[in-house]
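Colleague: Per our numbering, the very first residue in the sequence shown carries number 2; after that it's consecutive. Note that the Cβ used here is the ideal one computed from N, Cα and C, for glycine as well. Since the structure is predicted, the reported quantities are computational estimates derived from the model, not experimental observations.
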Amino acid sequence: MITSTANPQVKQLVQWQSEAKARRRDGVFVVEGVKMLEEAPADRIRDIYLTEELEQRLWDGKSEREKALWSKIKQNGYETLSFEVMKKAADTQTPQGVLAVLERPVYEKEEMLAVKNGFFLVLEDLQDPGNLGTIIRTGEGAGVNGVFLSKNTVDIFNPKTIRSTMGSIYRVPFLYVESFADLLLEMKEKEIVIYAAHLKGEEDYDSFSFRTGCAFLIGNEGKGLSGSTAAAADFYLKIPMEGEVESLNAAIAAALLSYEVHRQRKGRN
């Protein structure tokens with residue numbers, strides 16, 4: 002059992018939790034909690050860390066869920082940490098007693114765009130990790146085929162983003178791109194229609210048809226879309242609002258648009 006916060010493995014966990022550069026360099030990310038380990042692809046798990054308390058609970062587990070998780074942990078191997086060391090290594094205030102280090106997935110743009118009648122979200126310079134995680138999770142629920150992110154968008158493997166995805170990080174293809182201009186041009190060549198929620202939009206978002214290939218541009222929380230990115234949209238649309246509200250949270254806007262796609266593609270009125 003590891004009982005010292007000065008242990009090299011613990012120091013490495015702390016660095017991976019706090020530094021996007023270190024996560025990129027080593028090609029890994031860290032997840033916390035029972036649910037995130039349950040859903041983690043077994044072939045991507047590099048290391049698992051448990052507290053003695055959770056280890057004993059799973060060893061004595063009676064439920065099928067506990068038995069399945071314990072089997073998964075034993076197959077991959079694990080290290081035990083003291084509770085104080087787990088608190089040091091975890092990003093959450095009240096850790097559940099388990100951390101896992103996973104290899105980062107790699108997705109290719111060509112494969113993502115090859116989906117027939119694909120539905121995509123294109124995120125420009127989002128900075129709130131919770132917003133990003135919520136968009137990934139909501140996107141999965143609505144059937145998104147992929148998420149593209151500008152190079153200045155917050156790291157998708159930020160611990161807060163990971164928690165907000167609630168497991169969707171494992172299943173939604175995503176890709177950071179150097180040039181939105183090149184990406185959007187390629188989308189148009191593949192007959193993917195590009196929409197932007199914009200102040201210049203005159204038609205409500207539910208007046209468009211999203212049954213064929215489509216992509217939605219979602220901008221920075223404070224600044225919105227850059228002029229060049231907004232200009233690349235085929236259509237501007239608006240989300241109607243009452244009262245004195247001028248705009249919506251980026252994750253809420255993405256959710257409304259995503260579920261309109263879902264509604265239309267399920268043939269609902």
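Determine the direct distance from the alpha carbon of Asp92 to that of Glu192, and round the result to whole angstroms.
Modeller: Here residue 192 refers to the residue found at position 191 when the sequence shown is read from its first residue. Here residue 92 refers to the residue found at position 91 when the sequence shown is read from its first residue. Straight-line Cα distance between these residues: approximately 42 Å.
Colleague: Under a three-way DSSP split, which group does Tyr260 fall into?
Modeller: Along the sequence shown, one-based indexing puts residue 260 at 259. It is helical.
Colleague: Going by Cα to Cα distance, which pick from Gly131, Phe209, Ile163, Val178 is closest to Val148?
Modeller: The residue given as residue 148 occupies position 147 in the sequence shown. Checked all of Gly131, Phe209, Ile163, Val178; the closest Cα to Val148 is Val178.
Colleague: Compare the C-alpha of Ala90 against each of Ser19, Leu114, Thr230 and name the closest.
Modeller: For the purposes of this step, residue 90 is taken as residue 89 along the sequence shown, with counting starting at 1. With distances taken between Cα atoms, Ala90 lies closest to Ser19.
Colleague: In this structure, does DSSP put Asn132 in helix, strand or coil?
Modeller: The residue you call residue 132 lines up with position 131 of the sequence shown. Looking at Asn132 - three-state DSSP - the assignment turns out to be helix.
Colleague: Short of 8 Å in beta carbon distance, which residues of its chain neighbour Leu70, apart from the five on each side in sequence? Order them along the chain.
Modeller: Your numbering for residue 70 matches position 69 in the sequence shown. Same-chain partners within the cutoff: Val35, Leu38, Glu39, Leu59, Gly62.
Colleague: Please state the DSSP three-state secondary structure of Gly98.
Modeller: To locate residue 98, count along the sequence shown from 1; it is residue 97. Coil, per DSSP.
Colleague: Can you tell me the Cα-Cα spacing of Leu249 and Asn146, whole angstroms?
Modeller: Here residue 249 is taken as the residue at index 248 of the sequence shown, counted from 1. Here residue 146 is taken as the residue at index 145 of the sequence shown, counted from 1. The straight-line gap from Cα to Cα measures roughly 23 Å.
Colleague: Can we say the segment 125-132 touches the segment 91-106, given the rule of at least three CB pairs closer than 8 Å?
Modeller: Contact between the segment 125-132 and the segment 91-106 is absent, because fewer than three Cβ pairs lie under 8 Å.
Colleague: When burial is assigned at 16 or more other CB atoms within 10 Å of the CB, is Thr213 buried or exposed?
Modeller: Numbered from its first residue, the sequence shown carries residue 213 at position 212. Its Cβ having fewer than 16 others within 10 Å, Thr213 is exposed.
Colleague: So Ile195 and Ala234 are supposed to be a Cβ contact under 8 Å. How far apart are they, rounded?
Modeller: The residue given as residue 195 occupies position 194 in the sequence shown. The residue given as residue 234 occupies position 233 in the sequence shown. Correct: roughly 5 Å between the Cβ atoms.
Colleague: Candidates Asp48, Arg24, Leu176, Glu67: which alpha carbon is nearest Asn77's?
Modeller: The residue given as residue 77 occupies position 76 in the sequence shown. If we check each option's Cα against that of Asn77, Asp48 comes out closest.
Colleague: Evaluate contact between the segment 250-265 and the segment 131-144, counting only Cβ atoms and requiring at least three cross-stretch pairs below 8 Å.
Modeller: By the Cβ rule, the segment 250-265 counts as touching the segment 131-144, because three or more pairs are nearer than 8 Å.
Colleague: Give me the residue from Pro106, Pro160, Lys88, Phe175 with the minimum Cα distance to Glu141.
Modeller: Here the question's residue 141 lines up with position 140 in the sequence shown. Nearest of Pro106, Pro160, Lys88, Phe175 to Glu141, Cα basis: Phe175.
Colleague: Going along the chain, which unbroken runs of the alpha helix (DSSP H) with 4 or more residues stay wholly within the segment 17-99?
Modeller: 21-27, 35-40, 53-60, 65-77, 84-90
Colleague: Since Arg45 contacts Glu85 with CB under 8 Å, what's their CB separation in whole angstroms?
Modeller: For the purposes of this step, residue 45 is taken as the residue at position 44 of the sequence shown. For the purposes of this step, residue 85 is taken as the residue at position 84 of the sequence shown. Their Cβ separation, rounded to whole angstroms, is 28 Å, which puts Arg45 and Glu85 out of contact at 8 Å.
Colleague: Give the secondary structure of Val107 by DSSP, where H, G and I count as helix, E and B as strand, and everything else as coil.
Modeller: Counted from its first residue, the sequence shown places residue 107 at position 106. In this structure, Val107 counts as coil in the three-state DSSP scheme.
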